[in-house]
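Accompanying notes for the structure given below.
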Amino acid sequence: MRQFVKLRMLTTAILIMVIWMVVLRGGPSVYNAISSALSPTSEDWTASFRSAALFGRAKFVHTFTSVQDEVLFIYQKYMLSDWGHQPDLVEAHREEVLRSSDFTTIDDFTLHQKNTNSATRLPFYSPFLDESLRTYHPQPELLNYLPKKPFHHKDTLFKTCSVVGNGGLLLDSGCGKEIDKSDYILRCNMVPVKKFAFDAGVKTNFTTMNPSIIATRYNTFATDDDVLAFLKDLEEFNGQLFLPCMFDPKILKLCTSKILPALNQGLRGDSLKYTVGNPNHLLGIMKTWNPAGIHFMSSGFYLAQTALTMCKEVRLFGFWPFPKTVYPIPRTLKNHFFDDRKQTNAHKFSNEFQILWQLHKEGILKLHTRDCERD
3 MRQFVKLRML
13 TTAILIMVIW
23 MVVLRGGPSV
33 YNAISSALSP
43 TSEDWTASFR
53 SAALFGRAKF
63 VHTFTSVQDE
73 VLFIYQKYML
83 SDWGHQPDLV
93 EAHREEVLRS
103 SDFTTIDDFT
113 LHQKNTNSAT
123 RLPFYSPFLD
133 ESLRTYHPQP
143 ELLNYLPKKP
153 FHHKDTLFKT
163 CSVVGNGGLL
173 LDSGCGKEID
183 KSDYILRCNM
193 VPVKKFAFDA
203 GVKTNFTTMN
213 PSIIATRYNT
223 FATDDDVLAF
233 LKDLEEFNGQ
243 LFLPCMFDPK
253 ILKLCTSKIL
263 PALNQGLRGD
273 SLKYTVGNPN
283 HLLGIMKTWN
293 PAGIHFMSSG
303 FYLAQTALTM
313 CKEVRLFGFW
323 PFPKTVYPIP
333 RTLKNHFFDD
343 RKQTNAHKFS
353 NEFQILWQLH
363 KEGILKLHTR
373 DCERD
């Protein structure tokens, strides 16, 4: 896509700048320096590298003990600052994403009775399935639970949207109030809300439920107590709960036999409704970014791209795939702001981040990478 080519040119220019800095300062080889700098899983944290002291010992001159620290400093201080919203570029990007992913409206974001029937071909989107198991034609067990129409009108764009990622950068950030200022909030993976209100806000409009938590948090709904625990956790949420029923056949069976019946009986009035994700939409968005090396997206990246088709201005919080910050305050970060789980290798978070910060530089979305109280 044309926008991607333009963003790639910007990436190349930045990488040339970093390489030039490394060469001038006589550090490690260019290959090792750049691979260390851009790999969030690199263990080369103690590289013997220190920047030259310019202008004597001036207080504003920073020194670094590794190339990775220097690149993170450049990201936070220079690359992700001085943001300006560019509505025309947002509109062009929105149209290009929809066109390149074979979708023309946001109506296809979820499954409903207007776009799904027994003749519809629905692919499972798990990358681990055998080809013979990848297609499903909807049966009454699923069709009977689908809403009659899409939850969001195709001609309506929200003015401002916040997409809340799960990165450890959010912990102690004080970004809750800033997040909640947006008209529409999209959240990943049913993270508890009230406990982290100061850092991540409390407003909920759209919340994903990842396939992984079905097993790790709810024991694959093996008992009635597991189902009750799930319904209890949902009491914190409003708006739409986005279900990953089309991940693979096992998750679909759990959806139709456990999750959807429980939600149908246990949800409270109009404050929270469920919706089933359309796998064709997800795979279409992924197809858009295949040339950038994105072959299996994180839920945060998917929500960010989807938000750009729903919102005039998109702000991202908690999107930082690195284990530390350097500027303005050096900090060691947890993988998630809400638990102690280690980073998975399933997603190429560094690839996703490179795309997102380029969209930030273009004014298409805004990446928040500093504590909100200090902005």
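So that you can map any letter, position 97 of the sequence shown is 99 in this note's numbering, and since no number is skipped, the others follow by simple counting. No residue lacks a Cβ here, since even glycine has one placed at the ideal position from N, Cα and C. In this text the structure is predicted, and so the values were computed from the model without any measurement.
Residue interval of the alpha helix (DSSP H) (run including residue i)
i	result
ARG219	No alpha helix (DSSP H) holds ARG219; DSSP gives it neither H nor E.
HIS370	Not the alpha helix (DSSP H): HIS370 falls in the beta strand (DSSP E), residues 368-370.
SER301	301-312
PHE200	199-202
PHE208	Counting along the chain, PHE208 falls outside any alpha helix (DSSP H), though it belongs to the beta strand (DSSP E) covering 208-210.
ASP250	No alpha helix (DSSP H) contains ASP250, which DSSP labels as neither H nor E.
ILE181	178-182
Beta carbon of residue i nearer than 8 Å to that of residue j
i	j	result
PRO246	ASN212	yes
ASN117	ASP110	yes
GLY295	ASN207	no
GLU315	LYS161	yes
GLY167	ALA199	no
PHE126	PHE249	yes
PHE239	TYR220	no
LEU269	PHE223	no
CYS374	GLU180	yes
TYR77	TRP359	yes
ILE366	LEU188	no
LEU318	LYS260	no
TYR147	LEU254	no
LEU172	ALA202	yes
LEU265	TYR276	yes
MET312	HIS155	no
THR112	PRO152	yes
Closest Cα partner of residue i within the set the options
i	options	result
ALA309	PHE75, VAL99, TRP85, VAL73	VAL99
LYS336	LEU82, GLY169, HIS114	GLY169
SER128	MET299, ASP71, MET312, PRO263	MET299
ASN282	VAL92, HIS139, GLU93, GLY86	HIS139
PRO323	MET312, ARG317, PHE355, ASN292	PHE355
ARG343	PRO152, GLN88, ILE215	ILE215
THR137	ARG101, ASN280, LYS79, LEU171	ASN280
ASP190	GLN242, LEU230, PRO152	The residue you asked about is not Asp; residue 190 is Cys in the sequence shown. Of the listed residues, the one whose Cα sits closest to CYS190 is GLN242.
ALA144	LYS196, GLY176, PRO332, VAL278	As written in the sequence, residue 144 is Leu, which differs from the Ala given in the question. That would be VAL278, whose Cα lies nearest to the Cα of LEU144.
VAL165	PRO152, LYS151, LYS183, PHE153	LYS183
GLY320	THR371, TYR276, THR209, ASP235	THR371
SER103	HIS362, ILE357, ASN292	ASN292
Span of the beta strand (DSSP E) around residue i
i	result
VAL278	274-279
SER164	160-166
GLY241	241-245
For residue i, three-class secondary structure by DSSP
i	result
GLN141	coil
THR258	helix
GLY365	coil
LEU82	coil
HIS87	coil
LEU148	coil
TYR77	helix
TRP359	helix
ILE187	strand
PHE232	helix
LEU173	coil
VAL328	coil
LEU124	strand
LEU284	helix
THR334	strand
VAL1	Residue 1 is absent from the structure shown; the chain starts at 3 and stops at 377.
PHE66	coil
LEU269	coil
LEU113	strand
Cβ-heavy atom distance, residue i to the ligand COA, below 7 Å
i	result
SER68	Absence of the ligand COA from the depicted structure is noted, as is the absence of any ligand whatsoever, leaving it without description.
Residue-chain proximity (residue i, chain C), Cβ-Cβ < 8 Å
i	result
ASP174	Within the model displayed, chain C is absent; a lone protein chain is all it includes.
- Query: How do the segment 283-290 and the segment 301-316 stand: do at least 3 beta-carbon pairs fall below 8 Å, yes or no?
  - Reply: Touching, yes.
- Message: Would you call the segment 323-335 in contact with the segment 65-78, where contact means no fewer than 3 C-beta pairs closer than 8 Å?
- Response: Judged by Cβ distances under 8 Å, the segment 323-335 makes contact with the segment 65-78, as three or more pairs qualify.
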